[in-house]
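Scroll down for the structure; my scribbles are underneath it.
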Amino acid sequence: MALYYLTYYQPNSLNNLELEISPAGQQKSGYLIEKLDKLGSGYVVISLAETNAKHGFHQTTERKLNCHGRFVLWKGFGKPNRIIRRLHYYYRRQQLKQFLSGLNPSDTVIAYHSLQTADIFYTYKRKKGFKFVLELEEIYQDVVNCGAQKAAWERKVITAADGYILATEALSKEIPAGRPYIVVNGTYHSEPEREGCFNDGKVHCVYAGTFDPTKGGAAAAAAAEFLPENYHVHILGFGTEEQKKQLQESIASVQKKTKCTLTYDGLKSGEEYIQFLQKCHIGLCTQIPDAKYTETSFPSKVLVYLANGLRVLSVRIPAVENSAVGGILYYYDKQLPQEIANAIMSIPMEDDYNSRQLLNQLDEDCERNLKRLMEKMNNELD
684 MALYYLTYYQ PNSLNNLELE ISPAGQQKSG YLIEKLDKLG SGYVVISLAE
734 TNAKHGFHQT TERKLNCHGR FVLWKGFGKP NRIIRRLHYY YRRQQLKQFL
784 SGLNPSDTVI AYHSLQTADI FYTYKRKKGF KFVLELEEIY QDVVNCGAQK
834 AAWERKVITA ADGYILATEA LSKEIPAGRP YIVVNGTYHS EPEREGCFND
884 GKVHCVYAGT FDPTKGGAAA AAAAEFLPEN YHVHILGFGT EEQKKQLQES
934 IASVQKKTKC TLTYDGLKSG EEYIQFLQKC HIGLCTQIPD AKYTETSFPS
984 KVLVYLANGL RVLSVRIPAV ENSAVGGILY YYDKQLPQEI ANAIMSIPME
1034 DDYNSRQLLN QLDEDCERNL KRLMEKMNNE LD
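According to my numbering, the stretch in the sequence shown is residues 684 to 1065, in order.
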């Protein structure tokens, strides 16, 4: 009887391996690992991430994790070209199949949902009968054109799970009725207050995140055109070189037309990122509302902003408005620069505001809910 969490994660001590991991996924997985550790029993985290290195080879790596866990990264090798990358992909799939084939019905697997592994988890769940909890962040076929075959496997693996960790309540409509689930929007940690702020008398707004055109960086920049001179909009985050170039061109264009200060502040991480956010007043979540994925996907930046004490302005979408933090956010309804700017200016800056208090309560709730879910897996499926 063992508990395994298969996800895309690396401990800080293994940063030298250059694993391909999204910052949001790393943060969410780290949070759930912490909660698993609080349950007080042993568990094993197996990372499915691949190295981004061009050359080299690493053996299977194991580390102690927190108080009760163990971390495992299967052996892998550098990928200098497309052929070797494809070879590594199939090699990792074979490693996963071999691992799952050794499980039995008393074992529990929590798996981070991915189109790349959906067929494997579905097949071996049926073959081996282990208890299966799916961590479902979004329906990927709503986000990318993945083809009919992968879309079918995605639907199959969603129906195969015994329990779920969902990123939004809206995703409960996608799972079989009556199956147990909990909702974890993201990381409910609150960050302690740091010292220092922008002391220039301006209201500082920040968009922090991906530069994917559908996610809202350009919309935040465009809104600056309609803000007065006592506002400063910061754009920071990450994206492809082309996405970065397009966004910087948009910023340069808006800068010529506005009295508001608009700056591109690059990519920040770790303590530098936290300190920068806490110097600001308003966090912007300005993603395009009519994209299919917004029905079920919760923007991770919302919780990051709240954790650092910012007021948050979001486009009004059900996944956000109906979430556990929806009641303390501010909203706009139309994806227009003038509308976004008006909403920014309507946010009261003098009122008492304590986002950290709500997050602390949600953090405690998450721990209790995860414990109940795992007990349900053990009790009802034995």
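Virtual Cβ for every residue (Gly too), placed ideally from N, Cα, C. This one's a predicted model, so the numbers in the text were calculated from it and none came from an experiment.
Could you please give me the residues that DSSP links to residue i through a beta bridge?
i	result
Ser730	Thr690 and Leu756
Val995	Gly966
Leu849	Leu819 and Val866
Thr946	His917
Val702	In the sequence under discussion, the amino acid at residue 702 is Leu, which differs from the Val named in the question. Looking at the DSSP assignment, Leu702 forms a beta bridge with Thr734.
Hey, would you say residue i sits closer than 9 Å to residue j, going by beta carbons?
i	j	result
Leu945	Val889	no
Ile848	Val816	yes
Lys839	Ile803	no
Leu783	Arg746	no
Val937	Ala891	no
Leu930	Asp948	no
Lys898	Pro982	yes
Lys808	Asn1061	no
Tyr772	Glu733	yes
Tyr692	Gly713	yes
Leu993	Cys963	yes
Gln1044	Thr870	no
Ile1030	Ile934	no
Arg1119	Leu989	Beyond the ends of the chain as shown, which are 684 and 1065, falls residue 1119; an answer cannot be given.
Gly708	Glu820	yes
Ala794	Leu689	yes
Ser952	Pro706	yes
Thr744	Leu731	no
In this structure, does DSSP put residue i in helix, strand or coil?
i	result
Val886	strand
Arg1051	helix
Leu1012	coil
Phe815	strand
Thr842	helix
Arg809	helix
Lys951	coil
Phe881	coil
Phe740	strand
Leu722	coil
Leu1019	coil
Leu748	strand
Leu798	coil
Tyr664	Missing from the structure shown is residue 664; the chain here goes from 684 to 1065 and no further.
Ser1029	helix
Ile1000	coil
Asn695	helix
Asn828	coil
Asn1062	helix
Asn1043	helix
Phe804	helix
Phe981	coil
Met1057	helix
Ala1024	helix
Ile957	helix
Taking the straight line between their C-alpha atoms, what separation do you get for residue i and residue j?
i	j	result
Trp836	Leu1053	26 Å
Ala853	Phe754	32 Å
Tyr956	Lys984	12 Å
Lys758	Gln742	4 Å
Tyr823	Ala1026	31 Å
Thr969	His738	39 Å
Asp790	Glu874	35 Å
Pro1020	Ala903	8 Å
Ile971	Leu1041	27 Å
Glu703	Arg776	16 Å
Met1032	Ala901	24 Å
Asn991	Leu950	17 Å
Asp895	Tyr1014	21 Å
Asn882	Tyr726	47 Å
Cys880	Asp720	35 Å
Phe921	Pro788	42 Å
Gln832	Asn1037	47 Å
Val867	Leu1012	18 Å
Gly861	Asn735	41 Å
Asn764	Leu770	10 Å
Glu924	Val728	33 Å
Lys1017	Val998	8 Å
Val886	Ile1023	15 Å
Val827	Ala844	23 Å
Asp1034	Val987	21 Å
Glu954	Leu960	10 Å
Gly846	Gly785	21 Å
Tyr914	Glu878	21 Å
His917	Pro911	15 Å
Suppose only complete runs of 3+ residues qualify. What are the beta strand (DSSP E) ranges in the region 889-944, listed by chain order? 914-921
Could you name each continuous alpha helix (DSSP H) segment of 4 residues or more that falls completely within the region 755-795, going from the start of the chain to the end? Those alpha helix (DSSP H) runs which fall completely within the region 755-795 and span 4+ residues are 765-784.
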